[in-house]
Structure formats: structure tokens, C-alpha cells
Amino acid sequence: MDGLVVALDGPGSSGKSSVGAAAAREVGYRFCDTGLLYRAVTWLAEERGVSVDDPEGLVDLVDGVELAVDAGGRLSRVRVDGVDHTGDVHGPAVEAAVSAVSAVPEVRAALLSRQRDLAAAGGGIVMAGRDIGTVVLPDADLKIYLDASVDERARRRAEQRGLDPTGSEGIAILEALRRRDRLDTTRAVAPLRIAPDARIITTDGNEFEDTVAAVVGAIRDAEARLEPARTSR
Numbered sequence: 139m140d141g142l143v144v145a146l147d148g149p150g151s152s153g154k155s156s157v158g159a160a161a162a163r164e165v166g167y168r169f170c171d172t173g174l175l176y177r178a179v180t181w182l183a184e185e186r187g188v189s190v191d192d193p194e195g196l197v198d199l200v201d202g203v204e205l206a207v208d209a210g211g212r213l214s215r216v217r218v219d220g221v222d223h224t225g226d227v228h229g230p231a232v233e234a235a236v237s238a239v240s241a242v243p244e245v246r247a248a249l250l251s252r253q254r255d256l257a258a259a260g261g262g263i264v265m266a267g268r269d270i271g272t273v274v275l276p277d278a279d280l281k282i283y284l285d286a287s288v289d290e291r292a293r294r295r296a297e298q299r300g301l302d303p304t305g306s307e308g309i310a311i312l313e314a315l316r317r318r319d320r321l322d323t324t325r326a327v328a329p330l331r332i333a334p335d336a337r338i339i340t341t342d343g344n345e346f347e348d349t350v351a352a353v354v355g356a357i358r359d360a361e362a363r364l365e366p367a368r369t370s371r
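Under my numbering, think of the first position of the sequence shown as 139, with each following residue one higher.
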């Protein structure tokens, strides 16, 4: 088999990027975090003073953004006009603005074909995002939804940053995630939804390795199920 096309969705800080990358590495697939594209457009808009109320201006930025392969074969490096800006797209200003930029219909439309082209490039791929199984790749071989409570996600993010989840900074993280969830689930275009045929993996209380193993298991199950149909063609 050349590998499956796997759509991996879930809310912010559900572990899509880290879990998806680890699972993809274990099964020998490519990995793509589509959220990086939206972060790159957001960062570039901040740099060039393009407002979220200027859809045409935002769309004009899309052609300057691309994802590049890192040393592990993952599409995790961000280039803007040929220059690596991976570190910049994870800054606090981007974190605060990316949901608003992602909600602009024209931006989503402009990035849709880019994401589909990445998936169609050949070989197995795990593509992570918030609308992969519902909009970007509705015909994906396997759809997985990583779910976790907002309290659990906030705790993980705080601990990753060396913060007390119950302190003022931890509470700020919790409120930011709640706001992000509201924006992602209520936006007019491609809101965060669970695809009807998605396999839901709830990760509250899981160790990282447990969630990776669950995703790998889902992929292996789908490979075993789909391989006879593919080889008989």
C-alpha cells in the first residue's frame, strides 16, 4: 500500500500536532499541520499591517506562504517569501489573532487547494487541522477526532510552559482556549465539527504515548480494512 490519507481534527491544544507527528513517524507517513498555514498568513498580516477586515489583502499574502519539510520529513517548517519564519508564527501576537484570520472565508478558500495538493502529493499522510475531515478532505480514508476537555487542554499547555495551571497565567490560558473554542465552533465557514464518520479518541487522563498508540492503532486498523479493496483493483 502507498498509505492512507488520514484526517486528524480536534480543538486547540488537543495534541493534534505532537500526537499526529509522532504517529505519522511510527507508521512511516508524512505529516502536515495545516494550522501553520493560517499562522503564517496571520504573522505576515501583522508584519505588513493588513487588517482582518481586508479579505483581499489577506488573500494576497497567501502566495508568499509555504510549508517545508524538516529533518524528520514532516511539513513543519514555515517559509514566507522563501525565508524561514517557523519560530515567528508561534508568537503570542499570532496566537491571539489567528482565529480571527482563520474565520475569513476568502482566506480559507485560498488555502483549501493548497492543503488538498499537499495531501495528493503521494504516499500516506496524516493531515491535522480543525476542518480536515469535514471540508478539506471529506473523502479521507480515515478520519480521527482528538478530543479533550478544555480544562485538560489548558492544564497541559500551562505545564508545557512551566506554569502553574491554577495560577493567574494558567487561568489566562484556560480563558484563551475557551475563547478560541467559541470562535472555532461558531465561525460561519468551516467551523470545528466532528465528522459523522470520524473515530473519536478522548485523551483526558492519557499519557502522550497512550494517545499516539491509539492513533497508530486506528491507522493500522484502517490499513487492514482497506488493503484488500485496494489490491483487488
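Quick reminder that beta carbons are idealized off the backbone N, C-alpha and C, glycines included.
Computed from a prediction, not measured in an experiment: that's the story for all the values here.
| N-terminal and C-terminal residue of the alpha helix (DSSP H) that V274 is part of | First-last for V274: undefined, no H or E at that position.
| message | Quick check on the DSSP output: the beta strand (DSSP E) that includes L146 runs from which residue to which? | response | Segment V143 to D147, the beta strand (DSSP E) holding L146.
| query | When we look at the beta-carbon of P379 and count the other beta-carbons within 10 Å, is it buried (16 or more) or exposed? | reply | The structure shown does not extend to residue 379, since the chain is modelled only from 139 through 371, so no value can be given for it.
| message | Using the three-state DSSP reduction, which class does A326 fall into: helix, strand or coil? | response | A326 falls in the coil class under three-state DSSP.
| Can you give the Cα-Cα distance for R372 and C170, rounded to whole angstroms? | This structure does not reach residue 372, given that the chain is present from 139 up to 371, and the question cannot be answered.
| task | Determine the direct distance from the alpha carbon of T172 to that of R316, and round the result to whole angstroms. | result | The C-alpha of T172 is placed about 21 Å away from the C-alpha of R316.
| query | How big is the Cα-Cα spacing for V165 and R299? | reply | Roughly 29 Å between the two C-alpha positions.
| Touch check for the region 317–336 and the region 268–282: three-plus C-beta pairs under 8 Å? | Cβ pair count under 8 Å is three or more, so yes.
| Sub-8 Å separation of R196 and E244 beta-carbons | Per the sequence shown, the amino acid found at residue 196 is Leu instead of Arg. Contact: yes.
| field | Residues of its chain near R294, where Cβ-Cβ distance is below 7 Å and the 5 sequence neighbours each way are ignored | value | Exclusion of the five residues before and after R294 leaves S151 as the residues of its chain whose Cβ lies within less than 7 Å of its Cβ.
| Can you tell me the Cα-Cα spacing of T341 and A286, whole angstroms? | Rounded to the nearest whole angstrom, the CA to CA distance from T341 to A286 is 5 Å.
| query | Should T180 go down as buried or exposed, given a rule of 16 or more other Cβ atoms within 10 Å for buried? | reply | By the 10 Å Cβ count, T180 comes out buried.
| query | Are at least three pairs of beta-carbons, each pair with one atom in the region 238–255 and one in the region 300–309, less than 8 Å apart? | reply | Cβ pair count under 8 Å is below three, so no.
| task | Would you grab the beta carbon distance between A161 and I357 for me? Rounded to a whole angstrom, and I think it's under 8 Å. | result | A161 to I357, Cβ: 7 Å. Contact.
| said: Less than 8 Å between the C-beta atoms of A238 and E184, yes or no? | reply: Contact: no.
| said: Using the Cβ count rule (16 or more neighbours within 10 Å means buried), how would you classify H228? | reply: Classification of H228: exposed, given that the 10 Å Cβ count is below 16.
| query | What are the boundary residues of the alpha helix (DSSP H) that V301 is part of? | reply | Val is not the amino acid found at residue 301; the sequence shown has Leu there. First-last for L301: undefined, no H or E at that position.
| Any idea if T272 is buried or exposed, counting beta-carbon neighbours within 10 angstroms, 16 or more meaning buried? | Only buried fits T272, as 16 or more other CB atoms lie within 10 angstroms of its CB.
| field | Spatial distance of A351 from E290 (CA atoms) | value | Approximately 19 Å between the Cα atoms of the pair.
| request: Identify every residue that forms a DSSP beta bridge with V288. | output: Answer is none; V288 lacks a bridge partner.
| query | So, is E189 buried or exposed, given that buried needs 16 or more other C-beta atoms within 10 angstroms? | reply | Note on residue identity: the sequence assigns Ser, not Glu, to residue 189. A residue is called buried once 16 or more other Cβ atoms fall within 10 Å of its Cβ, and S189, having fewer, is exposed.
| said: Restricting to Cα atoms, I'd like to know which of A314, H223, A328 and A259 is closest to G267. | reply: Among A314, H223, A328 and A259, the Cα nearest to that of G267 belongs to A328.
| request: Throw me the rounded Cβ distance for the L199 and R215 pair, which I believe falls under 8 Å. | output: The distance from the Cβ of L199 to that of R215 is about 18 Å, inconsistent with a contact at the 8 Å cut-off.
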